[in-house]
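Only one structure is covered here, and it is reproduced in the block below.
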Amino acid sequence: MILNSIEEKIKQLSFLRFPYTNVVGLARSIIAVGTLLTLITNSESVIIQRNVEGEVFNPLLSPLADINHFNFFLILGFDNFDYMKIMAVIILMLVISGFYIKISSVLHWWVSISFFFGSSVIDGGDQIAAVLTFLLIPLCLTDDRKNHWHTKQPSYSSKNVFGLFSIYLIRFQIAIIYFHAAVGKFDVREWMNGTALYYWLNHSFFGSSDNLIPIINMALKNDWAVTILTYGVIVFELMLFLALTASRKYRKKILPIGIAFHFSIILFHGIFSFFFSIVGGLILYLLPTYQPLNLRLWYPSK
């Protein structure tokens, strides 16, 4: 009797929070775009960097490492990397198109995790993409739509709980990312004394471009501006963490601010793939995935 009651409540929750909508499709596509752009804009020599002797810098790419037998980009060997790169591009375009959700979800994760472990140009976004694509697999494997851009009427089925479970795991994961980003700064002296942003923007590797530095430093000459901006980053990251338990109205309002915040990181730090991965995560984290978006793309509602 109790088990039947629990099962009924789970089914009801899964019906009310029906997760198979184009919101998930939008997030999957944005995550795929990040990896796709990284692949098509970088050659093999950039993605897999080697020394003058031709040996790869990344120890995980050692031919002796067993993990490389499962790396998508290396299953045909190092000499055929470009062929597998083309295959990865095709897979990512398939993900963006929205077709073959079940198959493409597994392949998307395989490409993402392989790129994360094997690439020399990772910037944090690749790790997020690998985690999110993995957590999306249970949802995608139970998604019977023909295309992830389609919308459909909610169904009263116990299998919906797998999709809902994926969404909740992703939201918890994104919340932890922002919690760690904020709290982790508490142990760094420059973040605590309000000067960290100055050093990050002027960093020789992660800092802004030479064209922007003079303009940025004009604003950073003001001590108050540096302090407010530095502490503002921590406060905003904590606000994003607290969105885990916030109202739907609050989450919808903070989403565009979060996207703008991460877009500014592109402008000032040039970290592109991170933007797409985290925006895909923010969509799943902050938008109600049970409410389809009126995107009006080339696919009608189903």
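Number 267 in the UniProt record's numbering belongs to position 267 of the sequence shown; there are no gaps in the numbering.
Positions of the beta carbon are idealized from the N, C-alpha and C atoms, including for glycine.
Quick caveat: nothing in here was measured; it's all calculated off a predicted structure.
| query | result |
| --- | --- |
| Where ASN193 falls, given that 16 or more other Cβ within 10 Å makes a residue buried | exposed |
| Cβ-based burial, ASN160 [other Cβ within 10 Å; buried from 16] | buried |
| Range of the contiguous alpha helix (DSSP H) that encloses ILE90 | 81-97 |
| CA nearest to the CA of PHE81, picked from ILE128, THR195, LEU39 and VAL226 | LEU39 |
| For ASN147, the residue or residues it bridges with in DSSP | PHE99 |
| Residue nearest to VAL233 in terms of C-alpha spacing, selected from HIS180, TYR285 and ALA246 | HIS180 |
| Cβ neighbour criterion (16 or more within 10 Å) applied to TRP224 | exposed |
| At least 3 beta-carbon pairs within less than 8 Å: the region 280-293 vs the region 248-258 | yes |
| VAL69 - containing alpha helix (DSSP H), residue span | A quick correction: the sequence has His, not Val, at residue 69. No alpha helix (DSSP H) contains HIS69, which DSSP labels as neither H nor E. |
| Cβ distance (whole Å) where PHE276 is taken to contact GLY125 below 8 Å | 7 Å |
| Within 8 Å, strictly: CB atoms of ASN42 and VAL121 | yes |
| Buried versus exposed, by CB contacts within 10 Å (16 or more), LYS85 | buried |
| Nearest to THR142 (by Cα), restricted to the options PHE165, ILE113 and VAL23 | PHE165 |
| Cβ pair TYR100, LEU92 closer than 8 Å | no |
| Delimiting residues of the alpha helix (DSSP H) encompassing PHE78 | PHE78 -> no alpha helix (DSSP H), and no H or E assigned at all. |
| DSSP-derived helix/strand/coil call for LEU114 | The sequence given here has Ser at residue 114, not Leu. If DSSP states are grouped into helix, strand and coil, SER114 belongs with the helices. |
| Length of the line joining the Cα atoms of LEU295 and ILE103 | 24 Å |
| Which of helix, strand or coil DSSP assigns to VAL52 | Low per-residue confidence applies at VAL52: pLDDT is 47, beneath 50, and the placement is therefore not dependable, though the value from the model is reported in the following sentence. VAL52: coil per DSSP, three-state reduction. |
| Residues of its chain near GLU44, where Cβ-Cβ distance is below 8 Å and the 5 sequence neighbours each way are ignored | PHE81, ASP82 and LYS85 |
| ILE271 to TYR156 span [Cα, whole Å] | 42 Å |
| Straight-line Cα distance separating ILE213 from ILE137 | 42 Å |
| ASP187 - DSSP class collapsed to helix/strand/coil | helix |
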